[in-house]
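Q:
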Amino acid sequence: MAKLKLTKNEQKAQKDALKMYQRYLPTLTLKKQQLQSEIRTIDEKCKAVREEKKALEEDFQKWISVFGEKDAFKPGMVTVKNIKKGWSNIAGVKIPVYEGADFGRGDYDLYSTPLWIDMAADRMERELELDLEAEVLEEQVRLLSQELRTTSQRVNLFEKVKIPETKANIKKIGIFLGDEQVAAVVRSKISKKKLQAVTDSANAEAAEKSSAKTAAAKPRARKTAVKEAKK
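Counting in our numbering, the sequence shown runs from 46 upward without gaps.
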């Protein structure tokens, strides 16, 4: 950590930094709240999709059991050919959006397979679609949670470190500069007193010399006057 400079320039830099932190903190806090809200909403939706898929799967198994021909339906009869995804932006985070999927049907003999195979394939497609949607929702949660961690770290950094630290620095510099100003005033007064003392001393010495010259000049003046009178 760089040593704090106790100067006016550093004080200004610290004040500018404090303004920046205080300006960005509300934005970061709002972003954090938005991310938390979006994550809760998406997570609830994902759970609902998973529950729907589970219920459909259980119903599907019961439905097949009714016909007593479990081996007639093979998982490979329905395959995912293409997953359609779009993109959205939440709080500055780019996230995938599930938009559907294309499915393929395996080849099977219509004459040798049960009549309910097509209906079973439709149900299987729905199961797969729900599974794909849930996976995309989970990816959304993962990406938003990652951004939430970063944003939370920045909020904590500003709230608990940068802003208190900057305020303390400004106070420290202010106290130092205030003490320096007081010391400068005291030094100025002392200098003025010393200068006045030197001036007074010089004036007194000059006055003393002037008085001495005046005193010495008076006898000479009297002698001169006497001589002039005798003439």
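Heads up, the beta-carbon is just placed ideally off N, CA and C, and yes, glycines get one too.
How do the region 56-64 and the region 210-219 stand: do at least 3 beta-carbon pairs fall below 8 Å, yes or no?
A: They touch, by the three-pair rule.
Q: Could you give the DSSP three-state label for L49: helix, strand or coil?
A: What you label residue 49 is simply residue 4 of the sequence shown in a count that begins at 1. Of the three classes helix, strand and coil, the one that applies to L49 here is coil, per DSSP.
Q: Nearest to L51 by alpha carbon, out of L222, K237, K234 and S233?
A: Sequence index remark: in the sequence shown, residue 51 carries index 6 (1-based). Comparing Cα-Cα distances from L51 to each of L222, K237, K234 and S233, the minimum goes to L222.
Q: Inspect the beta-carbon positions of V186 and D104 and report whether they are closer than 9 Å.
A: Sequence index remark: in the sequence shown, residue 186 carries index 141 (1-based). Sequence index remark: in the sequence shown, residue 104 carries index 59 (1-based). The answer is no: Cβ separation not under 9 Å.
Q: Please list the segments of the alpha helix (DSSP H) lying wholly inside the region 123-150, counting only runs of 4 or more residues, in order along the chain.
A: None, since the region 123-150 contains no complete alpha helix (DSSP H) of that length.
Q: Determine the extent of the alpha helix (DSSP H) in which D176 is found, giving its start and end residues.
A: Start at 1 with the first residue of the sequence shown, and residue 176 comes out as number 131. First-last of the alpha helix (DSSP H) with D176: I162 to N201.
Q: What is the DSSP secondary structure of D88, counted as helix, strand or coil?
A: Here residue 88 corresponds to residue number 43 of the sequence shown, with the count starting at 1. Reduced to three states, the DSSP call for D88 is helix.
Q: Got a sec: does the ligand GTP put a non-hydrogen atom nearer than 8 Å to the Cβ of K130?
A: The model depicted lacks the ligand GTP and carries no ligand whatsoever.
Q: Give the C-beta separation of K126 and D147 to the nearest angstrom, bearing in mind that I take them to be a contact with Cβ-Cβ under 8 Å.
A: Numbered from 1 along the sequence shown, position 81 holds the residue referred to as residue 126. Numbered from 1 along the sequence shown, position 102 holds the residue referred to as residue 147. Right, their Cβ atoms sit about 5 Å apart.
Q: Tell me which same chain residues have a C-beta within less than 7 Å of the C-beta of L193, skipping the five on either side of it?
A: Translated into positions along the sequence shown, residue 193 becomes position 148. Excluding sequence neighbours, L193 sits near K77, L80, Q81 and I84.
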